[in-house]
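Okay, so here's the structure we're looking at.
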Amino acid sequence: MREMRSCEACGHRFEPRWRGWNAVDVRYERCPECGHENGYESDLYRWLRRRKERKMSGA
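Everything in the sequence shown is counted per my numbering, starting at 227 for the first residue and increasing by one.
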């Protein structure tokens, strides 16, 4: 099951998104309730970012 996305500002819960996400991506989604922009990164994007950080700190 996919992680439920919710607004960082007001806690509004977004509908599950099954399609439309690129593998290496960060998405910004505006909350329909309060207008706050929430950023989400894909699992692969997060893994690549952490891998790059580990390489930079180990070098």
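Glycine residues also receive a C-beta, built at the ideal position from the N, C-alpha and C atoms.
- Message: Taking the straight line between their C-alpha atoms, what separation do you get for ARG239 and ARG231?
- Response: Rounded to the nearest whole angstrom, the C-alpha separation of ARG239 and ARG231 is 6 Å.
- Message: What does DSSP give as the partner residue(s) for ARG253 in the beta ladder?
- Response: TYR266
- Going by DSSP, name the residue or residues bridged to ARG239. SER232
- Using a Cβ-Cβ cut-off of 6 Å (strictly less than) and excluding sequence neighbours within five positions of TYR254, which residues of its own chain qualify? GLU263, GLY265
- Near LYS281, what residues of its chain come up, given a Cβ to Cβ distance below 8 Å and the 5 sequence neighbours on each side ignored? none
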